[in-house]
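Take a look at the structure set out below.
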Amino acid sequence: MTEQSRRPRKPAKPYRRPQKDPVRILAFEALRAVDERDAYANLVLPPLLRKAREKEGPEKFDSRDAALATELVYGTLRRQGTYDAVISACVDRPLREVDPPVLDVLSLGVHQLLGTRIPTHAAVSSSVELARVVLGDGRAKFVNAVLRKVAQDDLDGWLEKVAPPWDEDPEDHLAVVHSHPRWVVSALWDSLGGGRAGIEDLLEADNERPEVTLVARPGRATTEELLREEAAVPGRWSPYAVRLAEGGEPGAVDAVREGRAGVQDEGSQLVALALANAPLDGPDGKWLDGCAGPGGKASLLAALAAQRGAVLLASEKQPHRAGLVAKALDGNPGPYQVIAADGTRPPWRPGTFDRVLMDVPCTGLGALRRRPEARWRRRPSDLENFGPLQRALLRTALDSVRVGGVVGYATCSPHLAETRAVVDDVLKQRPDAELVDARPLLPGVPELGEGPDVQLWPHVHGTDAMYLALVRRTG
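Mapping of the sequence shown onto the numbering used here: position 316 corresponds to residue 1046, and the numbering continues sequentially without gaps.
Next up, the structure:
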């Protein structure tokens, strides 16, 4: 017997089953849905959370679990550009060669390391365990190696390494530091009119979790009722708005469950209110929402119309979205109608309406706080697709309103190609229409610019970046 054979063998390490972490597994599942199916996190996450709350046993979620899962998903998506730059510096291959599920686990881990107060060891170990569960032991080793490199510095330190200096390339610097595509940075900067402070404030506001804002639908609920809810405070600008402090759950509010109130950004409320309150010459009995889906503005307009004895027609091209509009308006205190129709080829006669709202399809760059993944999906070419449709819808709106009536052209985008460029182009061809100053119709709202149109901003007004131009038909 040889010397080597007499040595005692080291016992093999016993296999350890990966520890399942329901919170991080749920966050991973949400990110995969966003990546694989082009889903939106605000649509994917609620049913996943609801299912987790309904489970029995150790995997059942409580409110703290739900809050952490939500932060992991939204935080990772908001900072994806920054985290991609950090991960690129820690791997030996282009990111496009890293399998997307591996990249999702890495991004979740990087967010815990650089964007939360989770201790370093816990952030790394929980991410490695997640990798073992969803990817296998081999890939878990890769995740462990990368995250240990990331853990060697904090966010500020990494930004010093991976972001181009401001003096060399300010747009690319902002893109990496604030996690926006470069073309979006450029477009938003143009819309703001220049200046470093404004663009940095806006990009940072896009990366903050927005407050949940409710709307009390007139004739069905009151702000006084909503303010009796825990963590509820008055809105800033809209008389129908109530904000819920962090952790407030709209689904727990009776009026929301019953459809008497809804979740609606204050900027959207202001657009509807401005159109409803614009001065008219002549009758005021027929209103139109020409792009009504999913029904937020339509439900507020219908309630306001009912108070005045007017009737709202809510039109939406997509039948399933028309169904959402019908659900939002169900129980309205006055008459209304919901139809599925193409706003560029309307079934109604010209000159039928006194007030018309066209909240047109757009890139959604004004709501990046709520849909952070949209910034990575949109391309400059999308503007070419939306532009002709936006112009066609505004022309239809002007045809649909009677002489003396008012059209509200609205977008949830501040991009100049979707706002002033559209309005200017259409009005050049319409000598029978003129702009109305919208600013007096948003009383108390500061910093509305030189007019006559209005652009709201997340960093200034705490709303989505809604745009509104009011146009009166004159002949």
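Virtual Cβ for every residue (Gly too), placed ideally from N, Cα, C.
Residue burial is scored here from C-beta neighbours: valine 1133 has fewer than 16 other C-beta atoms within 10 angstroms and is therefore classed as exposed.
The beta carbon of leucine 1171 lies closer than 7 angstroms to those of Ala1004, Asn1007 and Ala1008 in the same chain, with the five residues before and after it left out. Per the DSSP secondary-structure output, aspartate 1154 pairs with nothing in a beta bridge.
Contact between alanine 760 and leucine 778 holds, with the beta-carbon distance rounding to 6 angstroms and staying under 8 angstroms. For lysine 879, the enclosing alpha helix (DSSP H) covers residues 867 to 880. Under DSSP, no beta-bridge partner is assigned to serine 855.
Bounds of the alpha helix (DSSP H) holding aspartate 920 are 912 to 922. The C-beta separation of valine 816 from valine 892 comes to about 6 angstroms, placing the pair in contact by the 8 angstroms criterion.
In the three-state reduction of the DSSP assignment, phenylalanine 758 falls in the helix class, which pools H, G and I. For glutamine 994, no pairing in a beta bridge is given by DSSP. When C-alpha distances from threonine 1082 are compared across Gly924, Asp883 and Asp1014, the shortest belongs to Asp1014. Alanine 1022 is classed as buried because its beta carbon has at least 16 other beta carbons within 10 Å across all chains shown. Per DSSP, aspartate 1019 is one residue of the beta strand (DSSP E) stretching across 1016 to 1019. The beta carbon of alanine 946 sits closer than 6 angstroms to those of Thr952, Thr953, Leu956, Tyr970 and Ala991, all from its chain and outside the five residues before and after it, given in chain order. Note on tryptophan 896: under 16 other CB atoms within 10 angstroms of its CB, so exposed under the neighbour-count rule. In this structure, the straight-line span from the alpha carbon of phenylalanine 872 to that of glutamate 890 is close to 25 angstroms. When C-alpha distances from arginine 1108 are compared across Gly1094, Glu901, Leu1119 and Asn1062, the shortest belongs to Gly1094. Within the same chain, and ignoring the five residues on either side of glutamate 934 in sequence, the residues whose Cβ sits closer than 8 angstroms to its Cβ are His908 and His1189. Counting along the chain, no alpha helix (DSSP H) covers alanine 946; the unbroken beta strand (DSSP E) around it starts and ends at 942 to 946.
Between the alpha carbons of glycine 787 and leucine 860 lies a distance of about 20 angstroms.
Of Arg950, Lys750 and Arg1125, the smallest CA-CA separation from serine 856 is found for Lys750.
Secondary structure at proline 964: strand, using DSSP grouped into helix, strand and coil.
DSSP, read as helix, strand or coil, puts alanine 1008 in coil.
With contacts defined by Cβ atoms closer than 9 angstroms, alanine 1147 and alanine 917 form a contacting pair. Cβ neighbours of proline 894 within its own chain (closer than 6 angstroms, five residues either side excluded): Asp902 and His903. Taking a contact to require three or more Cβ pairs closer than 8 angstroms, the stretch 1188 to 1205 and the stretch 1121 to 1135 qualify as touching.
Tyrosine 813 sits in a helix when the DSSP states are folded into three classes. One Cα belongs to glutamate 1114, the other to arginine 1150, and the distance between them is close to 15 angstroms. Taking 8 angstroms as the upper bound for CB-CB distance, serine 998 and glycine 1025 are not in contact here, some 11 angstroms apart. Cβ-Cβ distances below 6 angstroms link glutamate 1164 to Arg1202 and Thr1204 in the same chain, with the five nearest sequence neighbours on each side left out; the list follows chain order.
Spanning the alpha carbons of asparagine 1062 and tyrosine 804 requires a straight line of approximately 34 angstroms. Between threonine 1193 and tryptophan 888, the CB-CB gap reaches or exceeds 9 angstroms. In the structure shown, the three-state DSSP call for glutamate 1046 is strand. Counted as a single uninterrupted DSSP element, the alpha helix (DSSP H) harbouring valine 907 occupies residues 900 to 908. Judged by their CB atoms, leucine 944 and leucine 974 are nearer to each other than the 9 angstroms cut-off. Of the residues Val1068, Leu1034, Arg950 and Ala1002, the one whose Cα lies closest to the Cα of valine 986 is Arg950.
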